[in-house]
Structures are given as C-alpha cells and as structure tokens.
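Engineer:
In our numbering, the protein residues as written are 384 to 900.
(1) What would DSSP say about residue 681, mapped onto helix, strand or coil?
(2) Terminal residues of the continuous beta strand (DSSP E) containing residue 670?
(3) Could you compute how far the alpha carbon of residue 456 sits from the alpha carbon of residue 612?
(4) Would you report the Cα separation of residue 814 and residue 705, rounded to the nearest angstrom?
(5) Tell whether a beta-carbon distance below 8 Å holds between residue 729 and residue 688.
(6) Give me whichever residues DSSP pairs with residue 543 in a beta bridge.
(7) Where residue 830 and residue 459 are concerned, what is the direct C-alpha to C-alpha distance, given to the nearest angstrom?
(8) Does DSSP put residue 838 in a helix, a strand or coil?
(9) DSSP on residue 530, reduced to helix/strand/coil?
(10) Compare the Cα-Cα distances from residue 844 to each of 874, 855, 696 and report the closest residue.
(11) Spell out the partners DSSP gives residue 517 in its beta bridges.
(12) How about residue 632 and residue 675: are their beta carbons less than 8 Å apart?
(13) Would a C-beta distance cut-off of 8 Å place residue 570 and residue 537 closer than the cut-off?
(14) Out of curiosity, what's the CA-to-CA distance linking residue 658 and residue 529?
(15) Just checking my contact of residue 565 with residue 720 at CB under 8 Å: how many whole Å lie between their CB atoms?
(16) Can you tell me the Cα-Cα spacing of residue 620 and residue 462, whole angstroms?
(17) Please confirm if the region 499-509 is in contact with the region 549-564, defined as three or more CB-CB distances below 8 Å between the two stretches.
(18) Check residue 443 in the structure and name its three-state DSSP category.
(19) Could you tell me whether the region 468-488 touches the region 501-521, where touching means 3 or more Cβ pairs closer than 8 Å?
(20) Could you give the first and the last residue of the continuous alpha helix (DSSP H) run that contains residue 430?
(21) In whole angstroms, give me the CA-to-CA distance for residue 594 and residue 723.
(22) What number of angstroms, rounded off, separates the C-alpha of residue 561 from the C-alpha of residue 608?
(23) Mark residue 666 as exposed unless 16 or more other C-beta atoms lie within 10 angstroms of its C-beta, in which case mark it buried.
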C-alpha cells in the first residue's frame, strides 16, 4: 500500500515538473516574440479568421500569374480546360509568407483567375489536395502547416475541407476520428475514398513522424483508421503515393529523422517501396495488407522533395527534381539539386528515364555543388540509407530537409549499363532547371510544371516559371512563363549559418539562466 502511494506521489511530482518546465518555455517564447514584435501564432490565425469572416460573397478576378512559391498544390480540373493551384509559401531571407489563394489557370486562353469565397480555410503549405469529379467537381484539402513571419512558430492543421467547383463554395468537414495534425503527409483518391498516409508534426520543441493510415468516405463523410496487416512502411513524410488501377496504392521513398541527443538529429532518406493491397473478400472496405515490393528498371540516387503525378488512367506516373544535401564542412552544406525526369510504369512497377527528341537548347545542370559544378550520377538499391558517404570521395554527409541533422549513407552501388541515366540527363535538350517541390499536373496528355525552389549558397531561389510537355510526342518542354531570377527579392545575409550559430549561443545562455532561476 505504502509503495503504491509513494509511486502516486512520484507521478504527481513528475507532472508538476513537466508543467513547470512547459510554463518556463512558454514564458521564454513570449519574451522572444515580444522582442521580434510578433504575436503568438494562435493570435495570428485568429486575426486571419476574423478577416475571412468579413468576406460575404464570391469574387473572381483576372490577375497576373501567381507569385513565387513552393509546397503548394496543383491539380487538373476534372471537367474544364483548367489547372487549379492552391496555397504555398515563400521565404525572402527575412520573412515567410504563407498563402491561401485559390487560382484557376485557363489553358486555351493562357489566363489566371483568383477565386475568393467566404468561409474558406486559413493559409497553409505542405498540405495535400486532390480533385474529384463527384457532384460536379470537388477539391479536397487536408492538413498542412502555417509558419509565422519569422519562422519562430509553426501550427499544423488537422482540418478537412472541400471546395465545390460548381457553386464555388467552401465546406469545412466536421467529422471525428480523423488523422492528427500534420504536414508532409500524402493523400490519394481511390473511387469514393480518400487515403491519408504519413507526415510529421514539429513544434520546434519536439517532432514526430507518422506511418498511420486513414480512410475518408467522401459520400458518408466518415473517417476510419485502417490497421493493415503485413510489413508497414516506417514513419516518414514527403513520400511518393499513387493509386493503381486495381485498387492498390503504391508508396515509394520519403524522409524521416530521429533525435540522437540534444540538437543532434539523424536523418534517413528512403528508397523502399510498398503496396497497400485491399482484401478482395472484405465487404466492409476496411481490411488491407502491406507488402514490400521491389521496383524494377533504372536505379537513381536517393532524394527528398520529389513530386509525383499519375496519368488520367493511372497506368504511369511521372516525377521531377528533388535534392540530396551533403556537408562540405562543419558549417556549410552543398545541395545536389536534380532536374531528372522519370516515369514509373504502374502496371509493371518499373522505373524508366524520359528522354526527349525535340529542339536542342542549352543544357541545364542537374546537380549543384558549392565549390564545383560537375554532375555526378549515383545509383542506389537499398530501402533506406544511413549515410557516411554517397561517394568514396565523401567521408561524411548531412542531409537537410526540414532541420539540421546528421545522416550516414554507404557508397552507392554501381548502376548496370542498361540503367545508366547520364546520357539522357546530359542531353542538350532544354529542361526546366533543378528544383524541389514543384507542382505537376496532367491535362489531356500534357504535363504542366510550375514553380518550386533551388538553393544557391545560402540564398533560396523560389520559382514562378511554368512549362508544358506533350507526353505523347515527348519532343520538347515549352515555356509558358519564363522566370527571371534576377528579379527575386532576397533580404537574407551573406552567411546565414553565422546568424544561426549566434542565435544558438544566445538560446543556450537563456536556457542556462532559466535553469538557474
């Protein structure tokens, strides 16, 4: 009896300590925000909601093309000759802008229209949006995040919205038992069901990656958490997720990290693949099984932030770009940005290179090195890599996707001659420049590519360029909107790493003072 009482007292003591620590951290954050002149994130979002409530009617206006951005959604309209772009973010070196704009691109007329409807979702990036032809067209949006202007605060959403294309109205879905708040997740539509997988949540104090799976019925408005049998993918964000014609779902790659000790994280870039298989004898539609699959065809280096889009009949899917960052020294990172263009056969599960046959123009670099501009091809053939080197010449690497973290990777195995990708990549045909997180959409056999981001030293170059490619002819990329990078506003310092080190030293001093108190 006495021991139980003592354990209960210990438990209460631990709770008090945790609450006290949380209170100190909260007070510390408040002081930091006051010094920056920034409201807490709940206040910022509340103000945005109040502004949104003032909107009483739908407005449409022809405008110039959307501003520079990444981590937005781009989909093809199910019925009209249009593309639809929603949300995204932009960082100018000092301030972060998160958008809630909804744009419609008229393909025949080459015009952009912004639609503002009452009661819409707050601004976000890192969300997922899929389109359905049901009920004269719907846009389904789930999750994502909002960052404060100074990036010192983040808010992850767990809300589900639908935009009715016919009436141009937003509807917030009040359905319980859905996924927790997150961004970097993936979502696909299979018949009448949304499938949400993975993602992460990060509040700057702690983070968590997910491998849970949810199903939402767009007719009954009911969430169901699925518990598939078999070997599930490890928790991850930013993976490729596409639906197959037989009701299966393919998961490829992704990124995750784990904390080794304070301020030291280990990152992991995956290149494994899984199939989610429905139980054919299940009438409830809730029984599934995970199975590990080996993708055939060419092999290519691991990378993060590589978007994917499937064709209308789900027979093939296309990917573009991505990045793999390595540590030049203790303070500097150089990113290997790609403009590789791949196709995956969703029936045979085989990767292929997409080579063009049209007009030859100036070649673009497929990889950036901080000190050298050479291109390097790397092949990989494992499920995920803890990297100590991606080449024999590199002794240690650090991958950076959404934080600073350590990663170890073994040397990449050689690629069979049939899988070599350098010939196509080194061709002199024009190709959109290397980038991450661009928007991809397919309409009537034409692939459209919009925006994304590239790093040049410490400078982030966020694009607003726009291209198209006829997937049947595969002749050449056509430029719809060129991008003049000389006009990019960048207010960051010459060496942001020095600023970050200075900020970390100040934080350490403040933490020491807090502990003394």
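Even glycine gets a Cβ: it sits at the ideal position worked out from N, Cα and C.
All figures in this text were calculated on a predicted structure; none of them were measured in a lab.
Structural biologist: The structure says:
(1) Residue mapping note: residue 681 aligns to position 298 of the chain shown, counting from 1. Residue state, collapsed to three classes: coil.
(2) Along the chain shown, read from residue 1 onward, the residue named residue 670 stands at position 287. Here residue 670 belongs to no beta strand (DSSP E), and DSSP marks it neither H nor E.
(3) The count along the chain shown starts at 1 and reaches residue 456 at position 73. The count along the chain shown starts at 1 and reaches residue 612 at position 229. Taking the straight line joining both Cα atoms gives about 31 Å.
(4) The sequence position of residue 814 within the chain shown is 431, counting from 1. The sequence position of residue 705 within the chain shown is 322, counting from 1. Cα-Cα distance, rounded: 14 Å.
(5) Here residue 729 is taken as the residue at index 346 of the chain shown, counted from 1. Here residue 688 is taken as the residue at index 305 of the chain shown, counted from 1. Residue 688 sits away from residue 729, with the two beta carbons spaced by 8 Å or more.
(6) As a position in the chain shown, residue 543 is number 160, starting the count at 1. DSSP, once it has assigned bridges, lists 525, 556 as partnering residue 543.
(7) Counting from 1 along the chain shown, the entry for residue 830 is found at position 447. Counting from 1 along the chain shown, the entry for residue 459 is found at position 76. Using only the alpha carbons, I get a separation of about 10 Å.
(8) Taking the chain shown and counting its residues from 1, one reaches residue 838 at position 455. Strand at residue 838.
(9) Counting from 1 along the chain shown, the entry for residue 530 is found at position 147. Three-state DSSP puts residue 530 in a strand.
(10) Within the chain shown, the letter at position 461 stands for residue 844. Ranking 874, 855, 696 by Cα distance to residue 844 puts 874 first.
(11) Position 134 of the chain shown holds residue 517. Note: residue 517 sits in no beta bridge, so no partner.
(12) As a working note, residue 632 is residue 249 in the chain shown. As a working note, residue 675 is residue 292 in the chain shown. Contact flag unset, no.
(13) What you label residue 570 is simply residue 187 of the chain shown in a count that begins at 1. What you label residue 537 is simply residue 154 of the chain shown in a count that begins at 1. No, these two residues do not count as a Cβ contact at 8 Å.
(14) Translated into positions along the chain shown, residue 658 becomes position 275. Translated into positions along the chain shown, residue 529 becomes position 146. A straight-line Cα-Cα distance of about 31 Å links residue 658 and residue 529.
(15) Here the question's residue 565 lines up with position 182 in the chain shown. Here the question's residue 720 lines up with position 337 in the chain shown. So it is not a contact: roughly 26 Å between Cβ atoms.
(16) Within the chain shown, numbered from 1, the residue matching residue 620 stands at position 237. Within the chain shown, numbered from 1, the residue matching residue 462 stands at position 79. Answer to the nearest angstrom: the Cα atoms are 31 Å apart.
(17) yes
(18) Locating residue 443 in the chain shown gives position 60, counting from the first residue. Note: residue 443 maps to strand in three-state DSSP.
(19) yes
(20) For the purposes of this step, residue 430 is taken as the residue at position 47 of the chain shown. Element bounds for residue 430: 424-436.
(21) Position 211 of the chain shown holds residue 594. Position 340 of the chain shown holds residue 723. Their backbone Cα atoms lie some 28 Å apart in a straight line.
(22) Within the chain shown, the letter at position 178 stands for residue 561. Within the chain shown, the letter at position 225 stands for residue 608. If I take the Cα positions, the gap works out to 7 Å.
(23) In the chain shown, residue 666 corresponds to position 283, counting from 1. With fewer than 16 other Cβ atoms within 10 Å, it is exposed.
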